[in-house]
Amino acid sequence: MVISVMENSKSNKCQLFFEVLILLLGTASAVHYRLVPENEEIYTACPNQPSNVKHITEFFDVSELQTKDVGDKILVSGNVTSTWNFNPTDHIIGSAKMYRYDRREWDNAFYSISFTDLCSEIFDERKHLYKFWMKHVVNLQDIKAKCVLRGVKFIHEPFALDMNIDIAAIVPTGRHKVVLILKTIDKEGQIREPTMCLEIIGEVIKG
Numbered sequence: 116m117v118i119s120v121m122e123n124s125k126s127n128k129c130q131l132f133f134e135v136l137i138l139l140l141g142t143a144s145a146v147h148y149r150l151v152p153e154n155e156e157i158y159t160a161c162p163n164q165p166s167n168v169k170h171i172t173e174f175f176d177v178s179e180l181q182t183k184d185v186g187d188k189i190l191v192s193g194n195v196t197s198t199w200n201f202n203p204t205d206h207i208i209g210s211a212k213m214y215r216y217d218r219r220e221w222d223n224a225f226y227s228i229s230f231t232d233l234c235s236e237i238f239d240e241r242k243h244l245y246k247f248w249m250k251h252v253v254n255l256q257d258i259k260a261k262c263v264l265r266g267v268k269f270i271h272e273p274f275a276l277d278m279n280i281d282i283a284a285i286v287p288t289g290r291h292k293v294v295l296i297l298k299t300i301d302k303e304g305q306i307r308e309p310t311m312c313l314e315i316i317g318e319v320i321k322g
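Each residue of the sequence shown is one higher than the one before, counting from 116 in my numbering.
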């Protein structure tokens, strides 16, 4: 997994601010942040995408998944079933980028995480996708060898979505979005269409 903090500005003042943050990364302690989704459904489709980019509902049947907004938490329960055209010889690469809403538009991404194998990522207890999601899947050991093969069902214990992350930089609080993109790579190293894209929009709070 690769984590990067990128410059994010449209003015000299903002540019200088983020350049200073990047220079301080080597000595800064990680700061605790939490993303509180603004939508009860948690995720939304990525707007203005080409035809080969699809929403999560093209890859997973979420009809048995329930989400409920309770204060600053989203309660999650139920099941998700893979309908992904994914072969055992494939692997899935991905990236998650965070954008800040500033002056009525989404600014350039300033924080990103990338990974080269989703199936390793979601079963690794140290990784974000495991902490946010997979640790609440009760049949985890049964599906580990199958990952997201078509027909695999993820059975969840009821839980409150807790999107906490430690970042060795100062992240402005307020409205942000995380854009997750996943691409299937076949055994020949070629991208298999379609690509999956979803957004999680919410408020970033510190602590």
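C-beta atoms are modelled at their ideal positions from N, C-alpha and C, and glycine is treated no differently.
The model shown is predicted, which means the values in this text are computed figures rather than measured ones.
Query raised in the report: Short check: CB of residue 155 to CB of residue 172, under 8 Å?
Result: Using a Cβ distance threshold of 8 Å, residue 155 and residue 172 do not count as a contacting pair.
Query raised in the report: Can you tell me the Cα-Cα spacing of residue 277 and residue 187, whole angstroms?
Result: Rounded to the nearest angstrom, the two C-alpha atoms are 10 Å apart.
Requested in this report: Return the residue from the list 246, 159, 146 that minimises the CA-CA distance to residue 315.
Outcome: Comparing Cα-Cα distances from residue 315 to each of 246, 159, 146, the minimum goes to 159.
**Report entry** Residue span of the beta strand (DSSP E) that contains residue 305, given as start and end
**Finding:** Careful: residue 305 lies outside any beta strand (DSSP E) and carries neither H nor E.
Requested in this report: Determine the contact status of residue 198 and residue 302, defining contact as a CB-CB distance below 8 Å.
Outcome: Going by C-beta atoms, residue 198 is not nearer than 8 Å to residue 302.
Report task. Report buried or exposed for residue 299, applying the criterion of at least 16 other Cβ atoms within 10 angstroms of its Cβ. Result -> Its Cβ being crowded by 16 or more others within 10 Å, residue 299 is buried.
Requested in this report: For the alpha helix (DSSP H) holding residue 245, just list the boundary residues, first then last.
Outcome: 243 to 247 is the extent of the alpha helix (DSSP H) around residue 245.
Query raised in the report: Quick one: what does DSSP say residue 270 is sitting in, helix, strand or coil?
Result: Here residue 270 sits in strand by DSSP.
**Report entry** Residue from 163, 193, 194, 297 with nearest C-alpha to residue 234
**Finding:** Here the closest residue by C-alpha is 297.
Report task. Could you tell me if residue 236 is buried or exposed, where buried requires 16 or more neighbouring beta carbons within 10 angstroms of its beta carbon? Result -> Burial call: buried.
Query raised in the report: Straight-line CA distance for residue 322 to residue 147?
Result: Going by the C-alpha atoms only, they are around 5 Å apart.
Query raised in the report: For residue 317, which residues of its own chain have a beta-carbon under 6 Å away from its beta-carbon, when the five flanking residues on both sides are left out?
Result: Counting only Cβ-Cβ distances below 6 Å, and skipping sequence neighbours, we find 150, 151, 152, 153.
Query raised in the report: What residues in its chain sit with their C-beta under 8 Å from that of residue 274, if we drop five residues either side in the sequence?
Result: Within the same chain, residue 274 has close Cβ partners 190, 191, 192, 251.
**Report entry** Beta-bridge partners of residue 215, as assigned by DSSP
**Finding:** Beta-bridge pairing links residue 215 to 291.
Query - Where residue 161 falls: helix, strand or coil (DSSP) - result: Residue 161 falls in the coil class under three-state DSSP.
Query raised in the report: Exposed or buried, residue 92, counting other C-beta atoms within 10 Å across all chains shown (16 or more means buried)?
Result: Because residue 92 is not part of the residues shown, which for the chain are 116 to 322, the question remains open.
Query - Reduced DSSP secondary structure (H/G/I, E/B, other) of residue 312 - result: DSSP, reduced to helix, strand and coil, places residue 312 within a strand of the structure shown.
Query raised in the report: From residue 213 to residue 282, what distance separates their C-alpha atoms?
Result: About 12 Å.
Requested in this report: Determine the burial state of residue 266: buried for a count of at least 16 other Cβ atoms within 10 Å of its Cβ, exposed for fewer.
Outcome: Exposed, by the Cβ-count rule.
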